[in-house]
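Take the sequence shown: its position 27, counted from the start at 1, is 144 in our numbering, and no numbers get skipped. A virtual CB, placed ideally from N, CA and C, is assigned to each residue, including glycine. All of these numbers come straight from a predicted model, not from anything done at the bench.
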Amino acid sequence: MSYRFAICDDDTKYVEYIENLAARWAIQTEVRLETERFPSAEAFLFRYEERRDFDVLLLDIEMTGMDGVELARTVRQGSDDMQIVFITGYTDYIAEGYEVSALHYLTKPVNEDKLFQVLTRAVGRLARNEPALTLELPGETVRLPLSKIRYLDVLHNYVTVHADRDYTIKRSLAELEKGLDQRFFRIGRSCILNLAFVSRATRTAVELSGGAVVPLPRGQYEKLNRAIVQRM
118 MSYRFAICDD DTKYVEYIEN LAARWAIQTE VRLETERFPS AEAFLFRYEE
168 RRDFDVLLLD IEMTGMDGVE LARTVRQGSD DMQIVFITGY TDYIAEGYEV
218 SALHYLTKPV NEDKLFQVLT RAVGRLARNE PALTLELPGE TVRLPLSKIR
268 YLDVLHNYVT VHADRDYTIK RSLAELEKGL DQRFFRIGRS CILNLAFVSR
318 ATRTAVELSG GAVVPLPRGQ YEKLNRAIVQ RM
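This is how it looks when you write it as structure tokens:
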């Protein structure tokens, strides 16, 4: 399995410490883990608005500028899926943690075993809550949450699923389409879009958040616009 963690804390040394613990947890649990560091809530939100693909947010509360509680409230306005874990030296914010549906509240200095338990709970909750495609790839099986998939396209007998990275698999687009939900829209015979990632559409192309541009087949512009409006 593959997961993406964000670590948001203005203490650089502590971010490195938590990142090292998370890496050890990933080795122990035999999962692939990618982490990104953010020195402020504002830096995280800038990245998050561009691409909402994090599974777990490890979040300090007391930071310069926007604090962690306000950041969590902002995130929750658009997503209930990401697991939020507060990591802080203060114990005055437990009620706020419940308010934003935080998974857990860890106090510094963080105990390694306790963090491992919380991370295992986080990915367990993700597995229960998030619909996903299971992709059988050479040497690995990837459970890919639907919320992370930007689009799927087909070339010959292979479909590429574009998410945090590209996954190419020898299956038909129609077969994979059965595992998708209402957030996805098929444009023509060779491409399916996740409407949540559409940032702009013209009569010839669709721009997705993150920078991808997908050609739009003739006759699909009005249908795509209707699908976007219905989803709003």
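Is K265 buried or exposed, if buried means 16 or more other CB atoms sit within 10 Å of its CB?
buried
First and last residue of the beta strand (DSSP E) that includes D270?
For D270, the enclosing beta strand (DSSP E) starts and ends at 268-272.
To which residues of the same chain is N149 closer than 6 Å at the C-beta, ignoring the five residues directly before and after it?
The displayed chain sequence assigns Arg, not Asn, to residue 149. Same-chain partners within the cutoff: S119.
Return helix, strand or coil for F301, following the three-state DSSP convention.
strand
What three-state label does DSSP hand T285 in the structure shown?
Of the three classes helix, strand and coil, the one that applies to T285 here is strand, per DSSP.
Do three or more CB pairs link the region 250-267 to the region 153-167 at distances below 8 Å?
The region 153-167 and the region 250-267 do not touch, with fewer than three beta-carbon pairs separated by less than 8 Å.
Mind reading off the beta-carbon distance from L175 to I144? Whole number of angstroms is fine, and I expect it under 8 Å.
Rounded, the Cβ-Cβ distance is 17 Å, inconsistent with contact.
By the DSSP assignment, the beta strand (DSSP E) with A352 in it spans what residues?
One cannot answer for residue 352 here, as it falls past the ends of the chain, which runs 118 to 349.
Are the region 288-296 and the region 315-325 in contact at 8 Å, needing three or more beta carbon pairs?
no
Based on the DSSP output, what are the partners of V148 in its beta bridges?
In the DSSP output, where bridge partners are listed per residue, V148 has none listed.
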